[in-house]
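Report on the following structure.
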Ligand code: ADP
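In this note's numbering, the protein residues as written are 2 to 188.
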């Protein structure tokens, strides 16, 4: 099973991704986690990505696509994967289609976790307080920018999958268990 999971910051995407990897014995491919690893190891890529991430802006498509191309061909992906945080721009989505076609891999499901913007702001403020020292980009001003970037760059990607009739939208304003159940019901 191969999935794409969409949701703005604070939508509970990480929690649901974890549920899916356990349930289907697949791996999570989070471009955000991969980038944070690069920053931690102080690689050249990490060094150039850090300031962009700290602002809540998007790292360039070329870097992201090269990263995904390498990751998706690793053997632990053979049983399936969840793309989390990718594709985030229309260009990334189009590039992904080409890559998957070359590798003869199909996406089984595209899932969007939808959350009302006011609730998101409430959740991210809470997360910002809890995570103060963990993530540089988890303070509320930057999280707000990430939501703006999400609406501007990532909503068109969601429309792209909607037009292809591949999109399933889940109401994220329910309990974690109910969101999980709704996701499992559509799979
Ligand atoms: P979120 O908590 O919003 O899901 P992520 O952990 O996925 O955030 O990403 C953190 C940051 O890493 C983003 O704000 C962005 O700077 C960068 N990033 C992650 N994935 C991508 C991507 N596919 N394209 C561009 N930038 C990305």
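The beta carbon of each residue, even a glycine, is placed where N, CA and C say it ideally should be.
Pairwise C-alpha distance: residue j and residue i
i, j, result
"residue 92", "residue 184", "27 angstroms"
"residue 7", "residue 44", "28 angstroms"
"residue 73", "residue 99", "13 angstroms"
"residue 61", "residue 122", "26 angstroms"
"residue 126", "residue 146", "13 angstroms"
"residue 101", "residue 71", "12 angstroms"
"residue 20", "residue 181", "7 angstroms"
"residue 157", "residue 90", "7 angstroms"
"residue 188", "residue 96", "25 angstroms"
"residue 161", "residue 94", "8 angstroms"
"residue 124", "residue 34", "20 angstroms"
"residue 151", "residue 144", "10 angstroms"
"residue 66", "residue 46", "13 angstroms"
"residue 5", "residue 174", "20 angstroms"
"residue 68", "residue 48", "15 angstroms"
"residue 186", "residue 166", "17 angstroms"
"residue 52", "residue 120", "28 angstroms"
"residue 128", "residue 57", "15 angstroms"
"residue 179", "residue 24", "16 angstroms"
"residue 50", "residue 103", "28 angstroms"
Residue i - partner residues in DSSP beta bridges
i, result
"residue 31", "85"
"residue 115", "172"
"residue 126", "DSSP lists no partner for residue 126."
"residue 6", "85 and 112"
Where residue i sits in the DSSP three-state scheme
i, result
"residue 1", "An answer regarding residue 1 cannot be provided, because it is not within the stretch 2 to 188 covered by the chain."
"residue 155", "helix"
"residue 90", "coil"
"residue 169", "strand"
"residue 59", "coil"
"residue 44", "coil"
"residue 75", "coil"
"residue 160", "helix"
"residue 13", "coil"
"residue 105", "coil"
"residue 80", "coil"
Residue i versus the options, residue with shortest Cα-Cα distance
i, options, result
"residue 105", "89, 79, 120 and 126", "79"
"residue 154", "47, 109, 18 and 59", "59"
"residue 140", "130, 148 and 149", "130"
"residue 176", "90, 10 and 17", "17"
"residue 77", "26, 179, 164 and 181", "26"
"residue 22", "110, 164, 2 and 186", "2"
"residue 54", "64, 37, 157 and 63", "37"
"residue 164", "150, 111 and 11", "111"
"residue 1", "4, 11 and 5", "The requested residue 1 does not occur in the structure, where the chain is confined to residues 2 to 188."
"residue 64", "41, 88 and 75", "88"
Exercise. Contact between the segment 169-179 and the segment 105-118: three or more CB pairs below 8 angstroms?
Worked result: yes
Exercise. Would the segment 27-42 and the segment 76-91 be scored as touching if the rule is three or more Cβ pairs under 8 angstroms?
Worked result: yes
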